[in-house]
Structure formats: structure tokens, C-alpha cells
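Going down the list, the sequences are from chains A and B. The UniProt record's numbering puts the first residue of the first sequence at 1, with every later residue one more than the last. The UniProt record's numbering puts the first residue of the second sequence at 1, with every later residue one more than the last. From the three backbone atoms N, C-alpha and C, an ideal C-beta is built for every residue, glycine too.
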Amino acid sequence: MSTDTRTQPSGPGPYEAGFTESGANRVYTVTGGDWEQVLGAGEEGAERIVVNMGPQHPSTHGVLRLVLDIEGETVLQTRLVIGYLHTGIEKSCEFRTWTQAVTYLTRADYLSPLYSETAFCLSVERLLGITDQVPERATVIRVLVMELQRISSHLVGLATSGMELGATTAMIVGFREREKILDLLELITGLRMNHAYVRPGGLAQDLPDGAEKAIMEFLADMPGRIKEYHRLLTGQPIWKNRLIDVNYLDAASCLALGVTGPILRAAGLPWDLRKTMPYCGYETYEFDVPTATEADSFARYLVRLEEMGESLKIVEQCLDKLAKLGPGPVMVADKKIAWPAQLSVGSDGMGNSLDHIRKIMGTSMEALIHHFKLVTEGFRVPPGQVYTAVEAPRGELGCHVVSDGGTKPFRVHLRDPSFVNLQAVPAMTEGGQVGDVIVAVASVDPVLGGVDR
Amino acid sequence: MSELVPNGAAGRRRDAFGASGSGDTSGFGGLVAPPPVLTSSERPFGDEQADTVYDALERAFPGLEEAIERVVFDRGELTLHVRREHLLAVARTLRDDPALRFELLSSLSGADYLDDPSGRRLHSVVHLASLTYRRRIRVEVSVSAEDPVMPSLTPVWPTADWHERETYDFFGIIYEGHHALTRIMMPDDWEGYPQRKDYPLGGIPVDYKGAQVPPPEKRRSYS
């Protein structure tokens, strides 16, 4: 737009920027329209622009809003606004039984729900004092599904960062393999997401027939796929230019800001709860903790790719362990806690097994009463509080659970790694280029369902 | 002896489906729970890690009895109930002392113990982790709803920033010294603190096509 347009005294056109007088300054609010006209409307020399990125933006990983103060291409200040996906999961848990709470928590971090479930169930089991009564088969299957999900979660991280940086092929291949894992998880748990598969005391159900074979096929296929990602991206000049030396955050800053997971490991600190504070028997598995020292976005990308390979190793060891253990229960023997423990597939889908129904309806009044009480009222958990942390794909996922002795949780708090890691985005982006803000958010790989809960 | 949570199972909570009382069908639900007692664990705790941490803290922080109200060791976890006046000093010692080194603030959140006998119902619960020694510890500070003020931990662990904003948002605990204590999850103009125990679940009327759908407990009842 030429300069004469600016000097023309005219009323606000349909696309002209509206403004408010704020103190001595005139603040323009721009939504859409012609950018040149917008810039022309400002005073001469006023270079500082506040850009509101999100909450609905394809590269914000959901509903994250970034408020950027930019001058030219340089970011002066980054402020993050969250809360658009807050659904009150923690509060809702206080109004449901201990078993039902799992179905809420699984909806927090929707890309790695099995971790929230496991962290919560490990906490409840510690409160109940039944940690060593959980059958080993259940624990091994928990590890198995968690590691499968770690791969799928990292694949989404890879795919979405590719999409956000314009590498749409990365998106296609990332989602392609994730689909295979979702098929596996659907076969095992019945659902692609929000599984509610891990329950206090064990699992909702055992592995179905044919699951081992399907997982084995996936294990045979996946290493080649990881090589393909390396061939596609690791050496690619554009990918390297966008990621190398961008969004630097060293280990000390990570700890100060509470950042854990691949970002911390890419800064050189091999802190992985599976190794350092083992749970679910992780000390009995052989795997490495990939690290890097560059502390930039490229290092985080490499760490995530390496972790997929390590997860494959763990899944393979899980299958070996399951074969050695043989069939057995996947829920604690205590009938006062074990629910649901008698599921089977009927003509109309998954439900209580006909044998169980026949027993409680036909032969045992006490069993019927017990079933009714367990389903409607749930079980009581002795008072106390625990904090259990697991290594989720994004870092430390902690679950703080308080019981007052009742049939419902008194307080459930998820320490979600996405929530904490997002705090590091200003430190990664301020002073850098606008384009690198997208890279920073992609390298943090937040899941807003977990951030906002 | 496990730590008694200062809130009985009786009475206060309502079922989400609108059942009155506790929703308990056992017949025992009407029993009045005995008044909660605030317990303290005897030393030694019988756990190597917990005893080591507490001994080291005692050495590093003179006048610890003054700063700490009570200590609870339960289910392998050590909880220090710290008086709010001493929180910052204790926190700095926990972070910096070579024998303690709690470098990482894992989690900070709140809990509302409505019946706390001390009258200070709002608890700020901090989970610290030492990467050097691979330990965890819990620090709890309690304040009353009338005077819900405590020092912010952001000068010690910058990561407390969003955690404290969230706890302020949900519980109304005011962290003095926080640089921008604003709501983070709820809208800026929200009234009340949603995760307090006296705040109802879903008690908000919902606008739908110009009409208002009242909250569940205010809808028509046919019983």
C-alpha cells in the first residue's frame, strides 16, 4: 500500500485496524486483513508488535496461546497462556470411586494415557499396601503397553514437528507407524486412546489371543522404520538448519525450570526414572538411556528417535518374560479390590463373563451383594498420602494421591511433564527468531490435555 | 501408624449423581468419624534414607524444632510440616546443603483439609527430588482460609512459578513474592477457588440457546 493511503482522512474501512488509546501510546488490535495496511496504520518507527499466536493455530500442538513481543523478526518476550482445555479432571476424581478415577485420568495426557493410569494405580496400590500382591504378569504387561505407547507418543512428536516445520513427509510416516501401535493397543485394551486399561490392583483384562504374534510382527518391522526416519530427516540439510543450535537450554536451566525427560537428557544429564528410581520392575530390563550434550532441538529429536529403539528392546524382553511366566491372573487375588476381574467377550462385546453372571445371579446371594457393593460403592483405601512418579515420554509424570479412608480419592494431583516443560519456552525463544518459536514448542512436545487437565 | 488425614470420611462430600450423604450403601456411612488427630512420627523412622535426610537437615539447619511443626514418615515417604515463616530458609538449606541437594522441585500443589484441627485447612504440598542422592521428600505448609498467605518458592526453584499460579487459582493460597500471581487455568474473572472442598462440582449454570441450565442440584426433582 502506498503512503498516500495513510494520509487520506477516512473513516475506518472494513479491514482497517481498530485501536485504543492506552496512556501515551496507541495500541492497534489486528485480526486478519491486509498486513501492509496494518503496518501502514501505525506510527513511524513503532516497530514493536505484539503477536497473539493461538490458541487455535496449527503449530501450537492443541490449544496453546503464545503472546509474542516481536521487533522485526526478533522475539523480545514470550508469554504463554494455557487453560483452554481445563476440564477439572482432578476435581472430578474426588467424586468417583478409586477405580472410576482411572477413566478420568486417562483423559489428561491423551497421547500417553497409560502413564497417567499407571502412576495413579501405583499410588493407590501403595496406599492400600498391596504393591507386592500385584501379579507379575500384570506388571510386565503394564511395562509392555507403556513402552509401546512411548514409541507412539514420540512418533506423534516427530510427525507434528515435521508438519510444523513444513516437512509433511515426516508427518505422513510418523502417523503411519503410530497407526500400527494404535491397532496393537486397540487389540490389547479395546480402545485406541483413553484406555482405562490399568486399574488399581492390576489390569482390566489379560492380553487377548494373537496379541503376542501381532506385537512380534511390529517388532520385526519397526527397526527398519526408525532407520527410514534417520534417512529421511537426520542428514537432511533443511531439517538440520532448522533444528541445530536452536532453542538451547542447558542442564542447569532445565533443573531450575523443572524440565525433565528428553529435553533434560538432550542437555547431557542421564536422568531417567526407569533407571534412577525404578518402578514396575524396570531394574530387571536391559536398555540404555540415550543422551546428547548439544542441548538444542536437534539433540532432542535424536534422543527421541534413540528412545524408540530402546523401547523396542524393552517390549521384546516383556514378551520373553510373559512367555516364561505363562498364563496367570492379571489382578490381585483380593476379591474386595479386584474389579473388573471377570470380563469376557460376548456376542455384544466386552462385559462381565456369563459364568460370573450365572454365579452371582443364580447360586450365591453373597456374591451378588459383594458385586453390587464393589461396583456401586467401591473399596475403601486407608488414609494417607503418596507421590509416585513414572518416566512418561515427556518426563516425570508424578501422581500425588491423598486418601481420607473413604471410597473416593480425597485429592488427586497430576504433575504433568508437559505443564512444567512448557515453562521453559520463554527461556528457549526470547532473543531468537520468530520462526524458532515454532521449533521450540515442537521440541518441548507438549500435550495440552495434560497441561490443562 | 499411618498419618491420619485430618478429614473424616463422613458427611461432607456429595455424590456426583445427586445422592445425599456419602452415597455409601454399606450402612456404616452414617457413622460419625472420630475427630481427626494430627500425628507425628517418632525418630528414628526406621528407614535409612529418611533418617539420613533428617539428620543432615538437623545438622545444616540450627533451630529445626522451631521451623518444623511435625514430621511424618509413612509408606516410605518423609513429610516435613514446615511453619510458613521458616519455609524459605528451610527450602534454601534443602537445596544447597551438600548432604541434602534437593535440586529439583518436582511438584507443588494444594490440598484442602476442611476439618484440620489446627484451623489451617489449606495445605501447600511440595515434592522435592534430589538427583544427586536419588531421594524424594515432601514439604507441607498449612495456612488458614482467612489468612492464606505464605512465601513463594520461586526465588529458590524458578519452576514453582506455574505450580504456584495453579495452586492460587484452585485453592486461593497467596504466594508472597511471586512475580505474577494470576489465574492460570480458570478465566481471569472467575470467582471462587474451584478445588476447595466447599466448592461444588459442576455448580455453574450453563447458557444454552439463550436459556440457562441450572446446576444439577438445583434442577427439578421428581423424588
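Reference residue i; option with closest CA among the options
i, options, result
"residue 143 of chain A", "A/419, A/336, A/202", "A/202"
"residue 312 of chain A", "A/448, A/149, A/65", "A/149"
"residue 88 of chain A", "B/74, B/94, B/166, B/65", "B/166"
"residue 376 of chain A", "A/411, A/401, A/336", "A/336"
"residue 246 of chain A", "A/421, A/295, A/20", "A/295"
"residue 394 of chain A", "A/100, A/154, A/137, A/66", "A/154"
"residue 248 of chain A", "A/62, A/424, A/328", "A/424"
"residue 107 of chain A", "A/430, A/307, A/195", "A/195"
"residue 61 of chain B", "B/197, B/96, B/159", "B/96"
"residue 138 of chain B", "B/58, B/46, B/74", "B/74"
"residue 269 of chain A", "A/286, A/281, A/290", "A/290"
"residue 170 of chain A", "A/220, A/133, A/233, A/198", "A/233"
"residue 99 of chain B", "B/210, B/49, B/154, B/42", "B/49"
"residue 432 of chain A", "A/56, A/53, A/78, A/55", "A/78"
"residue 330 of chain A", "A/21, A/134, A/97", "A/134"
"residue 374 of chain A", "A/157, A/339, A/216", "A/339"
Other residues of its chain near residue i: CB distance less than 6 Å, five sequence neighbours each side excluded
i, result
"residue 210 of chain A", "none"
"residue 157 of chain B", "105"
"residue 192 of chain A", "182, 186"
"residue 161 of chain A", "442"
"residue 86 of chain A", "452"
"residue 104 of chain A", "89, 92, 93"
"residue 418 of chain A", "394, 446, 447, 450, 451"
"residue 62 of chain A", "448"
"residue 317 of chain A", "285"
"residue 141 of chain B", "82, 84, 87, 124, 150"
"residue 172 of chain B", "148, 193"
"residue 3 of chain A", "Below a pLDDT of 50, predicted positions are generally treated as unreliable, and residue 3 of chain A, at 42, falls in that range; no measurement from the model is reported."
Residue i and residue j closer than 8 Å at C-beta
i, j, result
"residue 452 of chain A", "residue 185 of chain B", "yes"
"residue 151 of chain B", "residue 88 of chain B", "yes"
"residue 303 of chain A", "residue 266 of chain A", "yes"
"residue 391 of chain A", "residue 288 of chain A", "no"
"residue 137 of chain A", "residue 343 of chain A", "no"
"residue 430 of chain A", "residue 51 of chain A", "no"
"residue 108 of chain B", "residue 124 of chain B", "yes"
"residue 398 of chain A", "residue 388 of chain A", "yes"
"residue 146 of chain A", "residue 114 of chain A", "yes"
"residue 57 of chain B", "residue 79 of chain B", "no"
"residue 111 of chain A", "residue 82 of chain A", "no"
"residue 188 of chain A", "residue 207 of chain A", "yes"
"residue 70 of chain B", "residue 40 of chain B", "yes"
"residue 264 of chain A", "residue 254 of chain A", "yes"
"residue 51 of chain B", "residue 76 of chain B", "no"
Contacts of residue i in chain C (Cβ-Cβ under 7 Å)
i, result
"residue 159 of chain B", "Checking the listed chains, one finds no chain C in this structure; the protein chains it contains are A and B."
Sequence-distant residues of the same chain with beta carbon closer than 7 Å to residue i, five excluded per side
i, result
"residue 180 of chain A", "218"
"residue 386 of chain A", "123, 126, 127, 401"
"residue 213 of chain B", "205, 206"
"residue 101 of chain A", "93, 120, 409, 412"
"residue 192 of chain B", "199"
"residue 47 of chain A", "71, 72"
"residue 199 of chain A", "99, 102, 121"
"residue 210 of chain B", "none"
Spatial neighbours of residue i in its chain, beta-carbon cut-off 8 Å, leaving aside the 5 residues before and after
i, result
"residue 405 of chain A", "380, 381, 382, 383"
"residue 208 of chain B", "none"
"residue 176 of chain B", "149, 150, 151, 152"
"residue 11 of chain A", "With a pLDDT of only 49 at residue 11 of chain A, under 50, the local geometry of the prediction cannot be trusted, and the value read off the model is given with reservation. Nothing meets the Cβ criterion."
"residue 308 of chain A", "150, 151, 154, 155, 222, 226"
"residue 173 of chain A", "159, 225, 228, 229, 232"
Please identify, using Cβ separations under 8 Å, the residues of the stretch 382-403 of chain A that lie next to chain B, in order along the chain. 382, 383, 384, 385, 386, 387, 389, 396, 398, 400, 402, 403
Residues of the stretch 122-135 of chain B with Cβ closer than 7 Å to any Cβ of chain A, in chain order: 125, 127, 131, 134
Where the stretch 74-95 of chain B meets chain A: residues whose CB sits under 9 Å from a CB there: 74, 75, 76, 77, 79
Check whether the stretch 116-130 of chain A touches the stretch 250-261 of chain A, taking contact to mean three or more Cβ pairs, one atom from each stretch, closer than 8 Å. no
Between the stretch 97-114 of chain B and chain A, which residues of the former have CB atoms less than 7 Å from a CB of the latter, in chain order? 103, 104, 105, 106, 107, 109, 111
Three-pair Cβ contact test at 8 Å for the stretch 173-185 of chain B versus the stretch 130-138 of chain B: no
Closer than 8 Å between beta carbons: that is the criterion. Which residues of the stretch 84-112 of chain A meet it against chain B? 86, 88, 90, 91, 92, 94, 95, 96
Along the stretch 405-416 of chain A, where does the CB come closer than 8 Å to a CB of chain B? Name the residues. 405, 406, 407, 408, 410, 411, 413, 415
Which residues, taken in chain order from the stretch 138-155 of chain B, show a beta carbon closer than 8 Å to some beta carbon of chain A? 138
Please name the residues in the stretch 162-187 of chain B whose beta-carbon is closer than 9 Å to at least one beta-carbon of chain A, in chain order. 162, 163, 166, 169, 170, 183, 184, 185, 186, 187
Residues, ordered as in the chain, of the stretch 260-288 of chain A that lie near chain B by beta-carbon distance below 9 Å: 260, 269, 271, 276, 277
If the cut-off is 9 Å on Cβ atoms, which residues from the stretch 219-244 of chain A count as contacting chain B, listed in chain order? none
Going along the stretch 192-203 of chain B in order, which residues come within less than 9 Å of chain A, judged by CB to CB distance? 194, 195, 197, 199, 201, 202
Where the stretch 110-135 of chain A meets chain B: residues whose CB sits under 9 Å from a CB there: 126, 127, 129
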